[in-house]
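For the sequence shown, the residue numbers in mature numbering (1 follows the signal peptide of the UniProt record, and there is no 0) are -22 to -1, 1 to 244. Here a beta-carbon is modelled for each residue, glycine too, at the ideal position from N, C-alpha and C. Heads up, the thing below is written out as structure tokens.
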Amino acid sequence: MTTSRRLLLAALASAGWPAAQAVQRKSLSDPLRLGAEQALIESGLAPQFQKAFGRDTGVAVQLVPGRSAELLESLERGEVDAAMTNAPELETALEKKGLAHDRRQLALGDFVLVGPMEGTGKKAKDPVGIAGERDVAVALARIAEAKARFIGAPMGCGAQIGSLKLWHAAKVSPAAPWFVEAKGSPLDQAFAEGAYTLVERGVWLAKARKPFALMVEGDPRLATEVHVMRSFRVNHPAAKLFSQWVGGPQGARVAASVRGWKAATR
């Protein structure tokens, strides 16, 4: 038996798992199915947790990409063992209903508003003139007033859910033709169409390119959190270990190592 497997079994036993041999067989043959918000994959956060957990424990983790709302529904149905999402309101509602449990804060981050720049050097500016604005509601209101192209995140994504309160603060109901819902990655579509969009900072840092630039950042209302939750309907032998691991010093180091994200508060 390898050292990593011994450590895994010892950790599971101390966590209250009685049948060590059964746990060993399941943990070695069945990957941990981890639902992960697509943006958390694009930013590199989910893959880093996948690799580090596998390295530390020997447990294989299979990432199941999707939108936070859909992943939480899958978690409730037992289609995934755990879910990594950035939709705090939906997570809390699921937990309060007793449909999922063991919610742990995994990382802290924020959204940023990005868009295209026109011109070069000191004369460069964005079409609406919001670059450098600190109030995201003011920036969104100006975009709406100018009817500038805006790519919204797909329904159910963490960015889409997080944007609802921001549009409300701006007193705007975004609608076609200037506002369109992304068919895939909002940032990729914004690049292709020369449009504004709201994305996780980690996604922006992973994919940023000129002539696009960061327009608005730093507004406290742009803050977001990433949590992991476990399903009540499935009992993967490593799911509890994973939630404990991400909530410990190992998880903090991983979160802090990915650009655009910070370690969770302990």
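Beta bridge counterpart(s) of residue i as assigned by DSSP
i: V158; result: I129
i: G107; result: None; G107 has no bridge partner.
i: D88; result: A201
i: P94; result: F190
Simplified DSSP state of residue i, which is helix, strand or coil
i: G136; result: helix
i: F190; result: strand
i: A17; result: helix
i: P25; result: helix
i: H146; result: helix
i: G229; result: helix
i: A78; result: strand
i: R55; result: helix
i: V212; result: coil
i: G44; result: strand
i: A241; result: strand
i: R3; result: In this prediction, R3 has a pLDDT of 36, which is less than 50 and means its spatial position is unreliable; what the coordinates show is noted afterwards. In the structure shown, R3 sits in a helix (DSSP, three-state: H, G or I).
i: L10; result: strand
Span of the alpha helix (DSSP H), counted from its first residue to its last, around residue i
i: D166; result: 164 to 171
i: S209; result: Not the alpha helix (DSSP H): S209 falls in the beta strand (DSSP E), residues 201 to 209.
i: T63; result: No alpha helix (DSSP H) contains T63, which is instead part of the beta strand (DSSP E) from 60 to 63.
i: L176; result: Note, L176: premise wrong, no alpha helix (DSSP H); beta strand (DSSP E) at 174 to 178.
i: W223; result: 217 to 224
i: E123; result: 114 to 124
Limits of the unbroken beta strand (DSSP E) element including residue i
i: V37; result: Counting along the chain, V37 falls outside any beta strand (DSSP E), and DSSP gives it neither H nor E.
Taking contact to mean at least 3 C-beta pairs separated by less than 8 Å, is the stretch 116 to 131 in contact with the stretch 206 to 216?
-> no
Is it true that the stretch 151 to 171 meets the stretch 47 to 63, where meeting means three or more beta-carbon pairs spaced less than 8 Å apart?
-> no
Counting Cβ pairs closer than 8 Å, one from the stretch 64 to 80 and one from the stretch 195 to 207, do we hit at least three?
-> yes
contact_flag[the stretch 191 to 201, the stretch 25 to 34] where n(CB pairs < 8 Å) is 3 or more = no
The stretch 133 to 142 / the stretch 103 to 111 touching (three or more Cβ pairs under 8 Å) | no
Do three or more CB pairs link the stretch 42 to 52 to the stretch 224 to 239 at distances below 8 Å?
-> no
Within the chosen definition, does the stretch 168 to 176 reach the stretch 84 to 97 through at least 3 CB pairs nearer than 8 Å?
-> yes
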